[in-house]
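Residue numbers (this note's numbering): 2 to 213. First the structure, in the form of structure tokens, and then the observations on it.
Here is the structure:
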């Protein structure tokens, strides 16, 4: 679903300066500098931020960093964080293709991929966030034993993902094709809540980076 351009987007973005990281490459290797936090958790494609901010609220020991390419969605994420008064969440208006420019080796403990674009069709495979190229990027910034958490309603993308992880040096855990089958589990994204109300099954897995 395409978001309409938000009114007064630029000034709204500026008002979120406390949580908006304009030059993330300058923080590479230093995301926890001067912060009394123990880990960096990253959500790629954080959308309007429901999952991001609610997760940050319960994972108070971690710095939650949300990456989103669409400014109209990002500003809603940042405003949500501001409304909740969170001090352990930051946002980047950027692309996951540049992860290695933004985070140092072993700097991230957990990555969330929630309802990523499935990019169907073989010619778009490299764009999928669970394609070998992206899994290699994650491995480069994840700490030993770091995790990638995936949730999707797209069965084809999930089948593809659970095949790619073991081939790229990850061990699969908590694999399910009906996460909420016995009732709601965990924090939901905006899309996930709608899909659950519609009765759509949600797939989930955790992929743990193998320690060398």
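We put the CB at the ideal spot given by N, CA and C, even for glycine. Because the structure is a prediction, the values reported are computed rather than measured.
Annotation for residue 58: 85 and 87 place their beta carbon closer than 7 Å to its own, counting only its chain and skipping 5 residues before and after. Distance between residue 26 and residue 34, taken at the CA atoms: about 14 Å. If you check the CB distance, residue 28 and residue 22 come in under 8 Å. Pairing residue 81 with residue 54 gives a Cβ-Cβ distance under 8 Å.
Bounds of any beta strand (DSSP E) do not take in residue 78; it lies within the alpha helix (DSSP H) bounded by 72 to 85.
Between residue 90 and residue 41 the beta-carbon gap is near 11 Å, outside 8 Å, which marks them as no contact.
DSSP places residue 186 outside any beta strand (DSSP E), giving it a letter other than H or E. The Cβ-Cβ distance between residue 66 and residue 38 does not fall below 8 Å. 113 is the residue among 107, 173, 102 and 113 whose C-alpha sits nearest the C-alpha of residue 50. By the 16-neighbour rule on beta-carbons within 10 angstroms, residue 154 is buried. Taking all protein chains in view, the Cβ of residue 136 is crowded by 16 or more other Cβ atoms within 10 Å, so the residue is classified as buried.
By the CB criterion at 8 Å, residue 105 and residue 142 fall inside the cutoff. By DSSP's assignment, residue 42 forms a beta bridge with 65 and 111. Residue burial is scored here from C-beta neighbours: residue 151 has at least 16 other C-beta atoms within 10 angstroms and is therefore classed as buried. Under the DSSP definition of a beta bridge, residue 152 partners with 115 and 205. In this structure, the alpha-carbon of residue 162 lies about 9 Å from that of residue 129. Counting every other CB atom within 10 Å of its CB across the protein chains shown gives residue 115 a total of 16 or more, marking it as buried. Scanning 158, 145, 207 and 102 for the CA closest to the CA of residue 30 turns up 102. Residue 92 is bridged by DSSP to 21 and 67. Linking residue 99 to residue 191 through their CA atoms gives a straight-line distance of about 26 Å.
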